[in-house]
Each structure stands twice: as C-alpha cells, then as structure tokens.
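Asks: Dumping the structure here so I can ask a few things about it.
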Amino acid sequence: MRLCLFDDYRLGVVEGDAVYDVTGALDAHDTGFATPFWVRLCREHETVLPRIEKLRTRAEPKPLTAVTLRAPVLNPSKIVAAASNYGDHVQEMAPRVPDGWMLDFDIFLKAPSALAGPSSTVALPPVGDREVHHEIELAVVIGKEAAHIDEAEAMDYVLGYTGLIDLTVRGSGDRSRRKSYNGFAPVGPWLVTSDEVPNPHDVDLRLWVNEELRQAASTSHLLVSIPAMLAHTSRIMTLLPGDVFATGTPAGVGPVKPADRVVGEVGGIGRLEVNIT
C-alpha cells in the first residue's frame, strides 16, 4: 500500500495517478492534533491498514496532479541517519573530510524540523564559501517501539519505506548541525508499506541535478544492513512509531546552488523533485 499525506494533511492511498482519501479510517481524527493522528497510524498499523483498504474501495479517486503532497511522515520524534554506509561514498569522501573518524560507520540525528515535502522549495542557508551537497537515500519508517531489539527481529518493527534527500553543509563540525537546516530533509513522495517492498536491500537509487545524473547505485551495496542498523540504534535510543531512519548515501554527492532542480528517485517507491533557491 502507498500512503500519502496531502493538502491539509489528509491521509491518502495512491494507486496509479490517483489518490483516495481514507482519512476516515482513523476514528475521531482531528486535523488540529496531527501528531497523534500520525503516530496512531504508525503504532496501530496492523489494525488500521485493513480499515484503510476497506475505505479505499468506497472513496472517489482524485488526480494526483490536483493535490499537494506533503512529506509522508509527520512530526517524527527523530530522524536517525547512517553515515559512511556505502564503500564508494567513503572512498570519494576520504580526500575531503578533515577528520578520519568521519569515514567510519556511525549514526547521527537530523532535526525533525528539517522535513520537507516531495515537491518542495529549499532555500540555501548563508554558509559562506561552504558547499551544500545532495545525498539520495532509502528511508525506513518505524511502526513499533523498538528498544534493545535483536537483528533477527528488527524488520518486524518496520512500517514501510520512502525516499529522502539528505542535504548537508560540507565541511568540519557537528554532522547534526550541518544537516538540520530547514528543508534539509525532503521526504517522499509517499510511504510504501513493507509488504510491497520485497527486498529493501535491492532498491535502485538515482539522483539528477538539472537532468545531469549524479548518483546511481543500489541498496545492495550497503555496508551495514537495515536490520543491523536498527538493532544497533535501538541499543542507544528507543525508536518510536513514526520515526524516520535514513540508511545512507552512495557515491556521486555534489554541490547544489540556487536555481538548481534536484530529482531523486527510489526504485519501487517514486520521485522527489526539489527546487533550490
């Protein structure tokens, strides 16, 4: 199932070029309480998803072109991201990073306020002569509270997957600070439930800047697997329903500048199109 948030944060199911409004599948939904609404969907997805499917059969389709897609996640408690998780990216960054530890696999946090939609406009911050780089990633959305879980069971805690462009200010300094500017986490275009992603370790990633292909790889080249990342992280911090986990980026990262159009594509999920100002 492909779930989206659209217009005034209505819940939709995407099929082909149409979206079906299934907001009513969540009883007593109030748009003034968006976070509980979304957390409830993630936390109770095993009972909510069948209700969504039932309501979808009665809903009238709307053309996707007639709605505004929002980020398909809402106010997560955290965005966790993996660093140095593709060998080719580690190699391309080796001459650039000021500190060797930055080439080791690790996790870091991006501010939830960095979230942006799949067709957003992102204003570059004033960072002097530093470059802002693009990084295309497969992102995991958590469906159950996960603390001290085993790798063998980690995938049971996944609700689904989406695309994420991790924008970052290149250079020294704390990763979280350099990656948490407003709009630095465009996500989308929708969330695809895990049952429709047969192998998240065989997903193609592509990114273009002004139609120039910059990044092209597959999650089959992840150095640390998704279950290993989730288990490792759960021993440090509790992952909560609705949290987002970005799994890392392959080689080909590079600068973006005002007037650039960045298109990211995650195989089996969809495209994000971001305009840089």
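Heads up: the sequence shown runs through residues 467 to 743, numbered per my numbering.
In this text, a Cβ means the ideal position worked out from N, Cα and C, and glycines have one as well.
1) Between the C-alpha atoms of GLY649 and ILE615, what's the straight-line distance to the nearest angstrom?
2) Any idea what DSSP makes of PHE574, helix, strand or coil?
3) Helix, strand or coil for THR497? Go by DSSP, reduced to three states.
4) Buried or exposed: where does VAL546 fall if 16 or more other Cβ atoms within 10 Å of its Cβ makes it buried?
5) How would you write the range of the beta strand (DSSP E) that ARG476 sits in, first residue to last?
6) Inspect the beta-carbon positions of ARG522 and TYR475 and report whether they are closer than 8 Å.
7) Under the assumption that THR699 contacts ILE573 (Cβ atoms under 8 Å), give the Cβ distance between them as a whole number of angstroms.
8) State the CB to CB distance for the pair TRP674 and VAL729, rounded to an integer number of angstroms; the pair is presumed to be in contact (CB under 8 Å).
9) Can you tell me whether PHE650 is helix, strand or coil according to DSSP?
10) Pick from GLY490, ILE742 and ARG509: whose alpha carbon is nearest that of GLU611?
11) Let me know the secondary structure DSSP gives LEU689 once reduced to three states.
12) Following the continuous beta strand (DSSP E) through GLU603, name the residue where it begins and the one where it ends.
13) Would the region 722 to 740 and the region 661 to 676 be scored as touching if the rule is three or more Cβ pairs under 8 Å?
14) Can you tell me whether HIS667 is helix, strand or coil according to DSSP?
15) With a CB to CB cut of under 6 Å and the five nearest residues on each side skipped, what residues in its chain are close to PRO538?
16) By the DSSP assignment, the alpha helix (DSSP H) with THR628 in it spans what residues?
17) Determine the extent of the alpha helix (DSSP H) in which GLU519 is found, giving its start and end residues.
18) Classify THR778: buried if its beta carbon has 16 or more other beta carbons within 10 angstroms, exposed otherwise.
Replies: On the basis of the supplied data:
1) What you label residue 649 is simply residue 183 of the sequence shown in a count that begins at 1. What you label residue 615 is simply residue 149 of the sequence shown in a count that begins at 1. Separation of GLY649 and ILE615 (C-alpha to C-alpha, rounded to the nearest whole angstrom) is 31 Å.
2) For this step, residue 574 is matched to residue 108 along the sequence shown. Correct three-state label for PHE574: strand.
3) By one-based count along the sequence shown, residue 497 stands at place 31. For THR497, the pLDDT reaches just 49, beneath the cut-off of 50, and the residue's location in the model is therefore unreliable, although a value from the coordinates is still provided. In the structure shown, the three-state DSSP call for THR497 is helix.
4) Reading the sequence shown from its first residue, position 80 is the one you call residue 546. Buried, since its Cβ has 16 or more Cβ neighbours within 10 Å.
5) Within the sequence shown, the letter at position 10 stands for residue 476. The continuous beta strand (DSSP E) containing ARG476 extends over residues 476 to 481.
6) Along the sequence shown, read from residue 1 onward, the residue named residue 522 stands at position 56. Along the sequence shown, read from residue 1 onward, the residue named residue 475 stands at position 9. ARG522 is not a Cβ neighbour of TYR475, given a cutoff of 8 Å.
7) Within the sequence shown, the letter at position 233 stands for residue 699. Within the sequence shown, the letter at position 107 stands for residue 573. Contact holds; Cβ gap of about 6 Å.
8) Here the question's residue 674 lines up with position 208 in the sequence shown. Here the question's residue 729 lines up with position 263 in the sequence shown. Contact flag correct, Cβ pair sits at about 5 Å.
9) For the purposes of this step, residue 650 is taken as the residue at position 184 of the sequence shown. In the three-state DSSP reduction, PHE650 falls in the coil class, being neither helix nor strand.
10) Counting from 1 along the sequence shown, the entry for residue 611 is found at position 145. Closest in C-alpha terms to GLU611, from the list GLY490, ILE742 and ARG509, comes ARG509.
11) The residue you call residue 689 lines up with position 223 of the sequence shown. DSSP places LEU689 in coil when its eight states are reduced to three.
12) By 1-based counting over the sequence shown, the position of residue 603 is 137. That run of the beta strand (DSSP E) goes 602 to 608.
13) Yes, since at least three Cβ pairs between the region 722 to 740 and the region 661 to 676 fall closer than 8 Å, the two stretches touch.
14) Taking the first residue of the sequence shown as 1, we reach residue 667 at position 201. Coil.
15) Sequence index remark: in the sequence shown, residue 538 carries index 72 (1-based). Closer than 6 Å at Cβ, skipping near neighbours: CYS470, LEU471, THR628, GLY654, TRP656 and LEU657.
16) For the purposes of this step, residue 628 is taken as residue 162 along the sequence shown, with counting starting at 1. Premise fails: THR628 lies in the beta strand (DSSP E), 624 to 631, not in any alpha helix (DSSP H).
17) Mapped onto the sequence shown, residue 519 falls at position 53. From DSSP, the alpha helix (DSSP H) with GLU519 extends over 511 to 522.
18) Nothing in the structure corresponds to residue 778, since the chain is present only between 467 and 743.
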